[in-house]
Amino acid sequence: MIDSVRHLLVKKAMSSTSSAIPLLTRPRTDEPSEPTQRPLDLGLIGRVWSLTRPYRAVRLWLMVLVIVRSVQLPALTWVMTAVIAGPVARRDVAGVLWGAGGFLALAVSTQVVMHFRQRLALELGEAVVHDLRNAIFAHLQTLTLGYFHRTKVGRIISRMISDIEDVRAGVQEVLFVSLVQLGQMLVAAAAMLWYDAALFLVVLALAPVLWGLNHVFRRVMSTALRAMRESFSRVTATLAESVLGMRVTQGFVRQNENARLFALLVADHSRYNSQVLRIQGLFIPLLELNNHLFIAALLILGGWRALTHGEAAAVGDLISFLLMANLFFAPISVLGNQYHQALTAMAGAERLFRLLDTRPDWLDPPQAIPAPRLSGRVEFRGVTFGYDPEQPVLHDISFTVEPGQCVALVGHTGSGKTSIINLVAKFYLPDRGQILCDGWNLRDLQTDSFHRQLGLVLQQNFLFQGTVADNIRFGRPTATDEELIAVCERLDCWDLIAALPHGLHTPVGERGAQLSLGQRQIVCFARALLADPRLLLLDEATSSIDVDTERRLQQALRVLLRGRTTFVVAHRLSTVRQADMVLVLDHGRIVERGTHRSLLAANGCYARLHARFTQSRHAASVVTDATS
Amino acid sequence: MATLDQRRPPVVPAETAFTANSPSLSQLLQRMVALAWRYRWLSLRVLLLNMALIALNLGGLSSAGLGIDVLRHELLPDAPPAAWPGGWMPPSTWSPRATLAFVAFLVLLFAAVTALLKFVAAVASAELSQQMVIRLRADVYDKLQRLSFRFFDAHDSSSLIGRVAADVQAVRSFVDGVVLKVLTVGLTLAVYMAYMLSLHVALTLACVATSPLLWWGAVWFSRRMRPLYLRGGELGDRLIAALVESVQGMAVIKGFGREPEAMARFAAANSALRQQRRGIFWNLSLYQPAMGFLTQINQLVLIGYGGYLVIRGDFPLGAGLFVFANLIHEFAAQVGQIVNIANSIQASLAAAERVFEVLDAPIEIADSPAARPLPRAAGWIRLDSVSFAYHPGRPVLQDVSLEIAPGERIGIIGETGAGKSTLLALIARFYDVDAGAVFVDGCDVRHLRLHDLRRNIGIVFQEPFLFSNTVAANIAFGRPDAPLEEIERAARQAAAHEFISDLPQGYENLVGEHGVNLSGGQRQRLAIARALLLDPPILLLDDATAAVDPETEHEIQSAIQQAQQGRTTVLVSSRVSALEHADRIYVLQRGRIVESGSPRQLWERRGEYWRLARQQLCEDFAIPATEP
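Protein sequences, first through last, are from chains Z and V.
Going by the numbering used here, 1502 is the number at position 173 of the first sequence; the sequence numbering is gapless.
Going by the numbering used here, 319 is the number at position 274 of the second sequence; the sequence numbering is gapless.
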């Protein structure tokens, strides 16, 4: 039945589906969308429940408050009906006043309980969310880089935003609200049973109808909502690309075509939107109709019986019944909502726990020792490695670097330069072979202690939100401002930092956007120099910077490299020239090694590259010119 | 770095140019009401349906009350007889049971008609809102496409996307969420009030006495909470930003072994958020019970005073007290709506300002009335003493004159900020010159049809923006109906056919944001193919190799050389190596042409070009791709 209704309501809109619409952009289809709901599962519920264990006292209080409240709410209605049915019908003024006094007292106590019940539940939810956030963040820090290589940032963010919120709703609402509502239903049922058992059975007969209707409504709605959201994401994706690519559009004068496509998309989205509104418009009145149906039935049945027996008290009972019945019916739709909320929370919780249960690709072995102060001798012994072990990107790499040497890695994209850097950094472990540092197998050194002797300058010059000082201090959190300045002075670049609007305390903006490329690079150099690493890993930037800054950077780099073992992914001739060893990589293998001079003399692959570069007519004259 | 596609104007935000005269509140309101007026008939229909629903609600309620009174009169002969509306009385031949059944039937009838009308009303209001949204979205999108580059320079793209996606909805909600709501709520309150007053004046006034308090409380609360929620939102955003940053900078965190510091920072931000939310919870948990208590006071008044009136026989139990109990409940709900309306007004106005800003933005670059057609240009380009500035007083180009003959290959070189990309943008008339003139085929570009001019010019932007669509659709961007042979031909010319054929789905493979990861060089070659598909007599290439590594540069260079054949090309670059095949090179320095001539001539002159070339060739060592 459910499916046929859904079919009727939703498939109709789908049949005129958007696949017929020509698109400016095509939404991705190969990525599975994450399920929004999941069946209840005792193990999962238990685990969510255990999140509240640190707040046992609050949890206990909440249970007490919830029980009190589930009695208070029907009691309020009962007092009101009792006054109307009793003293009012009996024309007992004093009784009415007493009743009103009782109502007042009960109302005040209800609201006091309400205050605590609401505040404690919200605080409990927030506490659980707070703990979960910390747990996720801390867990992420323990995962190895391979995980971040495989996982999209968006996925991790949606764990932190939407899944956590779903779990919050589950913790702070589902259980407590459901208990209040269930209690209210039970009390109301008991009261009605006490007034008139036969009439209550009529009420009871309507309950499943209401529940069923509600259920169908939710299911149809969630399908329609999903379709609507999908169509909206088509609109926004197209919109985003239209704005970002506006210059291309105008350059190719495609405005009319784009407007036509966009209009189709918007109309399509509106159809889904109307669909949702129509479903709401159909079901909500139907659910309310139920209530009226019940009033009419009660009037006929109750009235009929009262007339038959001629009981005067029956009028009062009838009113009580009408008001009590509301208390019985209202929770049904609330419970329906809570049920769906619970399913949503389950799906969120499952994803969260899956993240928290993700094991790092590898852990330090128990016998790993803290790295001693390293001198920086690095040796690769027959190292083979692939991000996907089936597809190695490095094959049988062996070389030795003496302390303080500079190694330039040369080769085109995909030749394995960055992979070597990643392995030296112990971001990944080799699949075969060994990497030794000062004779220790990297595997046997505690990763943390090893990383503290490492310095890193990446191609993107990654900076964190905060000030220049914060970012430099990242290399050594205990450093004073004077030490930061000293580091910049050693790089002979203090004037560049001091020239910023607030000097060291200039905010760098998101990902360092407030700084120029050159300034960003200086901050990264200073960060690495402050850490005073034994091993320095450097991925040279490719973007061109103006000539003067470039020269300053080259000098600063020389300072940074002095006295430490360095691996450079080189893009500049000057860097390669300075290197003690050049490794020429091709398809994951070292094809040549030596110094710039010896490689030129060997007249092999490197020399060929170099020659072809210098062949171009005036490049040749310039180089001879510059070197003569 | 200044480029044709992504110019970020320095220091002075050009935003001021577009928001200088932001509209006054009353102007804004006037326009919004005018917008509503456009949809007056649909709005009127929704309003009338809502009125009918109020009437039906009252009818249903009083029918139920009537039933109670009929019953009571039968059972308690001294109770007042039921007061039938409009002086109508059931025929005396009807038994009490028949009368009761009749009343029950009335209740059901009202309910059924209500449900039906509610559905009709939902559909009508969906139609209203969707019509408005479709129209508004199309209008804003259309307008966006016609705005000049200057507008996009000054506005953040995410803000523009938000205007079409979200703000339009908020503007729409001014009509159905504010104007219609105000009318509906006002009328509902008036009708309820009138109905209750007609039953009993003093009781009505006593029962609604707390309503102003309810309203005032709601306004006060929303005002008090707004800054708290805003602050909470900020703290939450900051937390997520910290998460994103740490995921994207994971290599840096791990590389320096700074996991503990990152965790501590996150935990501190997390606690700050939790602390802040505590305040919100307190406020919420005080406000909601207080408001609940206010509505209970109404019920209290009803029991006490109303009960007293019933006892005195001044007030019927069913059609009076019972109906009242239900009405004050709905009355309080309607009063609560007013606060929502007040909030939507604010949201709508803020959104409207942003939407109108787009709709009102002047179209700077438009066809002049007497614009001339340009079927197919020969390829003459002439700049005559051209000066241009993005911001008054900061000239980017000064007194630039040059002349290009059909088929010439022209290079433009200069350091960052010299004005190279701006020069290209002026040829395609993305901006209008401040002084002088740009001629294409001897005609001032301002007197040519914009569509024709740009159709004659192929553009390759520095950042090769591709749409999330198939390779074929991207190449055919300028002519969506191009046959596959032409697409392939363009791809071959751009040296792209080979790698496209290697893609799993060839020309049908998705690229762009959701597609395969293409290298920078491959994306750039697709962008070149996109420009070549139109077979433009003039080809403009903006520093296509600025941000790519040396080997990619090589890939692109060969594509460019093929592309240049048989058309006038202007190639901008900051690298000497990119321009070695040019027929003539212009050297730009701070917005002026300082040298021009063939590469050989320039080299021998030992001027600015020679200086640039020397620096670049000494510092930049480009390692070209290994050749098999």
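Quick reminder that beta carbons are idealized off the backbone N, C-alpha and C, glycines included.
This one's a predicted model, so the numbers in the text were calculated from it and none came from an experiment.
Item                                                                                                                                                    : Value
Assuming A1754/Z and A1899/Z make a contact with CB atoms under 8 Å, what is their CB distance in whole Å?                                              : Not quite, the Cβ-Cβ distance comes to about 17 Å (not below 8 Å), so this is no contact.
Any idea what DSSP makes of T1637/Z, helix, strand or coil?                                                                                             : helix
DSSP puts R637/V in a beta bridge; with which residues?                                                                                                 : Q634/V
List, in order along the chain, the chain V residues whose C-beta lies closer than 7 Å to that of R1583/Z?                                              : F522 and G523
What does DSSP give as the partner residues of A482/V in its beta bridges?                                                                              : D429/V
P272/V lies in the alpha helix (DSSP H); which residues open and close that run?                                                                        : S256 to Q293
Measuring only the C-alpha atoms, how far is T1578/Z from Y237/V?                                                                                       : 56 Å
I think A422/V touches D486/V, with their Cβ atoms under 8 Å apart; what is that distance to the nearest whole Å?                                       : 5 Å
Out of curiosity, what's the CA-to-CA distance linking T144/V and D1646/Z?                                                                              : 20 Å
Does the pairing of the region 1461-1470 of chain Z with the region 1677-1687 of chain Z give three or more beta-carbon distances under 8 Å?            : yes
Check whether the Cβ of S466/V lies closer than 8 Å to any Cβ atom in chain Z.                                                                          : no
With a 10 Å radius around its C-beta and 16 neighbouring C-beta atoms as the bar for buried, classify Q391/V as buried or exposed.                      : exposed
Tell me whether R85/V sits in a helix, a strand or coil according to DSSP, three-state version.                                                         : helix
How would you list, in chain order, the residues of chain Z whose beta-carbon sits under 7 Å from the beta-carbon of E119/V?                            : L1636
State the DSSP-derived secondary structure class of R1420/Z, mapped to helix, strand or coil.                                                           : coil
I'd like the ranges of any beta strand (DSSP E) spanning at least 3 consecutive residues and lying wholly in the region 602-635 of chain V.             : 613-618 and 629-634
For G294/V, does the count of other Cβ atoms within 10 angstroms reach 16, so buried, or fall short, so exposed?                                        : buried
Hey, out of H1834/Z, A1467/Z and I1726/Z, whose CA is closest to I1750/Z's CA?                                                                          : I1726/Z
Going by C-alpha to C-alpha distance, which of S1927/Z, R1918/Z, V1582/Z and Q1470/Z sits closest to S193/V?                                            : V1582/Z
Who are the near neighbours of R1926/Z in its chain, counting only those whose CB is closer than 6 Å to its CB and skipping five residues on each side? : none
Alpha carbon to alpha carbon, what distance is there between G337/V and I113/V?                                                                         : 28 Å
Could you work out which residue in L153/V, G351/V, R620/V and A296/V is closest to G456/V when comparing CA atoms only?                                : R620/V
Which residues, taken in chain order from the region 1776-1797 of chain Z, show a beta carbon closer than 7 Å to some beta carbon of chain V?           : D1777, H1780, R1781, L1783, L1785, L1787, F1791, F1793 and Q1794
Shortest alpha-carbon distance to S202/V belongs to which of F1657/Z, H1741/Z and L1573/Z?                                                              : L1573/Z
Beta-carbon within less than 7 Å of L657/V's beta-carbon, same chain only, minus the 5 sequence neighbours each way: which residues are those?          : I458 and V621
To which residues of the same chain is M1653/Z closer than 8 Å at the C-beta, ignoring the five residues directly before and after it?                  : P1403, T1406, W1407, T1410, A1517, A1520, M1521 and Y1524
Would you please verify whether the beta carbon of V1482/Z is less than 8 Å from any beta carbon of chain V?                                            : yes
Consult DSSP for N1800/Z and reduce its assignment to one of helix, strand or coil.                                                                     : helix
Which residue from L248/V, T467/V, G566/V and L273/V puts its Cα closest to that of G324/V?                                                             : L273/V
Using a 10 Å radius around the Cβ and a threshold of 16 neighbouring Cβ atoms, would you call M1443/Z buried or exposed?                                : buried
If you measure beta-carbon to beta-carbon, which residues of the region 1607-1618 of chain Z are closer than 8 Å to chain V?                            : R1607, Q1609, G1610, L1611, I1613, P1614, L1615, E1617 and L1618
Can you find a C-beta in chain V that's less than 8 Å from the C-beta of I1413/Z?                                                                       : yes
Flag K299/V as yes if its beta-carbon sits less than 8 Å from any beta-carbon of chain Z, otherwise no.                                                 : yes
Could you spell out the range, first to last residue, of the alpha helix (DSSP H) harbouring G207/V?                                                    : S202 to G207
So which residues of chain Z does A395/V contact, with C-beta pairs closer than 7 Å?                                                                    : Those do not exist, as A395/V stays about 20 Å from chain Z at its closest Cβ, beyond 7 Å.
Counting along the chain, where does the beta strand (DSSP E) carrying V441/V start and finish?                                                         : R439 to I449
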